[in-house]
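A quick write-up on the structure given underneath.
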Amino acid sequence: MSPCQSCGACCATYRVSFPRFELDDMPGGAVPEALVESAGAQLVCMRGTGAAPARCVALRGSIGQSVSCAIYEFRPSACRDFAPLAAVGRGDEACNDARRRHGLAPLVPVAA
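According to our numbering, the sequence shown is numbered sequentially starting from 108.
This is the structure in structure tokens:
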């Protein structure tokens, strides 16, 4: 099992912002429009991530135990690009910072 499936800290720490063209009401878009809110003229963010404490509306489960994304196949680029090696146990600075904020041990650091 990927460390991400028992973590979810990134989804409950950071604002998940991305371009409007990724929404499912746009040609080629896939992120459900009902799950976002405006974050500027050309940006939206996942509901729940624009305020403190942050928690993405698509996050299911308990942080640090067992989590999943309700829209995994349709998740925005910000999620697809975040900590690309975390799934194999290697955490970058943002990943490990989110884990620390939720009382979780850091993953093996990615070499700079």
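Every residue gets a Cβ at the ideal spot worked out from N, C-alpha and C, and that includes glycine.
Determine the DSSP secondary structure at P110, reduced to helix, strand or coil.
helix
What three-state label does DSSP hand F125 in the structure shown?
In the three-state DSSP reduction, F125 falls in the strand class (E or B).
Considering just the uninterrupted stretch of the alpha helix (DSSP H) at C176, what are its terminal residues?
Segment S173 to C176 is the beta strand (DSSP E) holding C176; no alpha helix (DSSP H) there.
Per-residue DSSP class, three states only, for C117:
helix
Hey, is the stretch 189 to 208 in contact with the stretch 145 to 158, meaning 3+ C-beta pairs nearer than 8 Å?
no
Ignore the nearest five residues each way along the sequence and tell me which others in G168's own chain have a CB closer than 8 Å to its CB.
G115, V174 and S175
Inter-residue Cα distance where the pair is G171 and S113:
About 5 Å.
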